[in-house]
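Quick note: the sequence shown, position 472, residue 472 per this note's numbering, numbers continuous.
Ideal placement from N, C-alpha and C gives every residue a C-beta, glycine not left out.
Here the structure is a predicted model, which means the values were calculated and not measured.
What follows is a single structure, written as structure tokens, with notes after it.
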Amino acid sequence: MTQIRYDVAISFAGEDRVIAEEIATKLLAKQYSVFYDRFEQHTLWGKDLGGHLSDVYSEQSRYCVIVVSHNYANKVWTRLEFSSAMAGAIFGGARDAYVLPLRLDDTKLSGLRPTIGYLDLRVLDVPEVVDLLVRKIGPPTDTVAEDTEEADGIDEILSICHEHIRDGMNAGALKGFAAALHDQVVYVRPRKAQQLVAGMIAELDLAERLRRDKSKRGTDALVDASMVRIEAAMRALADMSGQTAEPPRRKQRRFKPVVLAVVGVLALAVGVLVPTEGFGLFADARSSGFRQTPNSSSDVPTPAPTTGASVPPVTTSSRVVVPPPVTAAGNAGNTGSGPIAPAPKPNAKVSNSPVPPPVQTLSQGQIVIIPTDGLDLDTGQRGDQNDPGMDISPGADGSQINGMSHGKPKMAVVTSTNPTGPELCDTISADAWTTPLLGLYQMRVGDRICVRTNQLNYGVITLRAVPNSQSVNLNIDYIAWSRP
Numbered sequence: 001m002t003q004i005r006y007d008v009a010i011s012f013a014g015e016d017r018v019i020a021e022e023i024a025t026k027l028l029a030k031q032y033s034v035f036y037d038r039f040e041q042h043t044l045w046g047k048d049l050g051g052h053l054s055d056v057y058s059e060q061s062r063y064c065v066i067v068v069s070h071n072y073a074n075k076v077w078t079r080l081e082f083s084s085a086m087a088g089a090i091f092g093g094a095r096d097a098y099v100l101p102l103r104l105d106d107t108k109l110s111g112l113r114p115t116i117g118y119l120d121l122r123v124l125d126v127p128e129v130v131d132l133l134v135r136k137i138g139p140p141t142d143t144v145a146e147d148t149e150e151a152d153g154i155d156e157i158l159s160i161c162h163e164h165i166r167d168g169m170n171a172g173a174l175k176g177f178a179a180a181l182h183d184q185v186v187y188v189r190p191r192k193a194q195q196l197v198a199g200m201i202a203e204l205d206l207a208e209r210l211r212r213d214k215s216k217r218g219t220d221a222l223v224d225a226s227m228v229r230i231e232a233a234m235r236a237l238a239d240m241s242g243q244t245a246e247p248p249r250r251k252q253r254r255f256k257p258v259v260l261a262v263v264g265v266l267a268l269a270v271g272v273l274v275p276t277e278g279f280g281l282f283a284d285a286r287s288s289g290f291r292q293t294p295n296s297s298s299d300v301p302t303p304a305p306t307t308g309a310s311v312p313p314v315t316t317s318s319r320v321v322v323p324p325p326v327t328a329a330g331n332a333g334n335t336g337s338g339p340i341a342p343a344p345k346p347n348a349k350v351s352n353s354p355v356p357p358p359v360q361t362l363s364q365g366q367i368v369i370i371p372t373d374g375l376d377l378d379t380g381q382r383g384d385q386n387d388p389g390m391d392i393s394p395g396a397d398g399s400q401i402n403g404m405s406h407g408k409p410k411m412a413v414v415t416s417t418n419p420t421g422p423e424l425c426d427t428i429s430a431d432a433w434t435t436p437l438l439g440l441y442q443m444r445v446g447d448r449i450c451v452r453t454n455q456l457n458y459g460v461i462t463l464r465a466v467p468n469s470q471s472v473n474l475n476i477d478y479i480a481w482s483r484p
């Protein structure tokens, strides 16, 4: 009987590699053994790929995820992988639902019956897909052969960590750190070390989303806990490569309690630190109930900073309290019980105008809207396109975006790169605002559109996919701000 080597094998077209690699890395972080070509470059080199890939996709994997797209349908290697996977489904014996389709569009694959259940990435995001996949396939198996490979690529990982880790990292710094690790994870050996790095990436992804969600209490403590786990992984990696682990030199914030680090290290030992989305080696990620709306893509402009809750609002008053004349005795003229109010400086100007309210983020996220649905940017709520308050809805053929609420919302394509935030929409000339917005077929992924909502706030939507006659849904990142 052929030995099962992988929990999951992923079959995909090269054009869809970004999605496949994100799935593979997140599974690796949860201790699953994944066949993903970049993880296997050293073993594939010089092999008869026809026979080897046929064995992997038909016999050596517990499940096979097929990333279905128009790119997948017409390639030689994907046809080989798909036919092998279907053979594995037929002759796999006790394996139930071996082939797991993951759709990017409605492409029909010969041999894949339309009645087979699938997940749709136009509706779900990758973390949601991975969560469902983990529930489908159960815990990782212990059937994978022991690691016999020598440590490799660990020095580069540790160097990246020492370069990036610092105290008080913002969302952008965390994202850059994760991207640097992501570029190197495929070169790390042995597999256990690769899993550690994948777990570090998952922790950074969690920390970035926590940083972006200002409504979460205890964000700093949760981010610091993630960094404690990352530093523990660094020590484990150093041990694997025979190095002496040197802790990153981080400038500590004033009054930062040492207790947090101690609790974090103890939690690593017992696996109770929550929330966590990485390091299946240290904590059970599947037990965490933490769910978070995925952060928006880097194409969404960063909102202007808002006034923090800890800073009292500034107010002005037209009433200036002038103290009584001060006598030679000092405070003899002060007959009240309170302190003497300071006298205004000569020629000082006193403003009677109120301070404008700060810009606030009203909604932010990623969504796929079908032509009968609408999106209220002021609240971030999806609804029927005719519901009160809806701002935008895709046209029936996907070629345009309609302004709902009796056409009150207006739209305009962004042509400027600066500034960011709601000021970006101020750069648009008055005659450029329109409804409906036409020409979506001719736009590109990453193009941005300003929306003036029915509440006269500003929002920006960013295309995650370009609609066409076969895929009319509107797949966007969005963010909206209150208008001062």
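Return the CA-CA distance between residue i and residue j, expressed in angstroms with no decimal places.
i    : j    : result
R380 : L362 : Before going on, a small fix: residue 380 reads as Gly here, not Arg. The alpha-carbon atoms of G380 and L362 are separated by roughly 8 Å.
V126 : I19  : 7 Å
A97  : R382 : 33 Å
G117 : L100 : 8 Å
D55  : E81  : 9 Å
T316 : P409 : The pLDDT assigned to T316 is 37, lower than 50, so where the model puts this residue is not dependable; a value taken from the coordinates is nonetheless given after this. Taking the straight line from one Cα to the other gives about 35 Å.
A73  : I401 : 30 Å
E15  : A179 : 19 Å
S84  : Y57  : 6 Å
D384 : K47  : 54 Å
R122 : M169 : 32 Å
L375 : G199 : 35 Å
R135 : D224 : 29 Å
L133 : I23  : 10 Å
I165 : Q194 : 19 Å
L237 : E208 : 23 Å
Give me whichever residues DSSP pairs with residue i in a beta bridge.
i    : result
Q366 : D477
I428 : None, per the DSSP bridge assignment.
T361 : W481
R382 : L375
F35  : A9
P394 : I401
N454 : DSSP lists no partner for N454.
N468 : S471
T434 : M411
L119 : L102
With respect to the alpha helix (DSSP H) encompassing residue i, which residues constitute its N-terminal and C-terminal limits?
i    : result
M240 : 219 to 240
D447 : Premise fails: D447 is in no alpha helix (DSSP H) and is neither H nor E.
I137 : 126 to 137
L181 : 171 to 184
R212 : 191 to 212
E22  : 17 to 29
E40  : No alpha helix (DSSP H) holds E40; DSSP gives it neither H nor E.
Y57  : 49 to 58
S494 : As displayed, the chain neither begins before 1 nor continues past 484, which places residue 494 out of reach and without an answer.
Can you tell me where the beta strand (DSSP E) with residue i in it begins and where it stops?
i    : result
K410 : 410 to 413
P101 : 99 to 103
N402 : 400 to 403
L109 : Element bounds for L109: n/a, residue is neither H nor E.
G459 : 458 to 463
I66  : 61 to 68
Can you tell me whether residue i is buried or exposed, with buried defined as 16 or more other CB within 10 angstroms of its CB?
i    : result
Y63  : buried
E7   : According to the sequence shown, residue 7 is Asp rather than Glu. With 16 or more other Cβ atoms within 10 Å, it is buried.
L377 : buried
A221 : exposed
S226 : buried
W45  : exposed
H42  : exposed
N457 : buried
Y32  : buried
L266 : Any reading at L266 must be qualified, since the residue scores a pLDDT of 48, below 50, and its modelled position is unreliable; the value itself is stated next. Per the 10 Å Cβ criterion, exposed.
Y441 : exposed
Between the options, which lies nearest to residue i when the distance is taken from Cα to Cα?
i    : options              : result
V34  : I4, W45, K47         : I4
R191 : V130, D384, K30      : K30
N475 : D447, L237, N457     : D447
T415 : H406, I392, C425     : C425
M234 : C161, G51, A202      : C161
T107 : Q470, S482, D477     : Q470
Q411 : D397, T420, S393     : Here the sequence assigns Met to residue 411, which means Gln is not the residue at that position. Cα-wise, what sits closest to M411 is S393.
Q366 : M443, G389, V460     : V460
Q364 : G395, E423, S482     : S482
D120 : V65, T78, R166, D155 : V65
T78  : S11, T25, T417, E128 : S11
Would residue i pass as an interface residue toward chain D - the criterion being a Cβ-Cβ separation below 8 Å?
i    : result
G111 : Among the chains in the structure shown there is no chain D, since it carries only a single protein chain.
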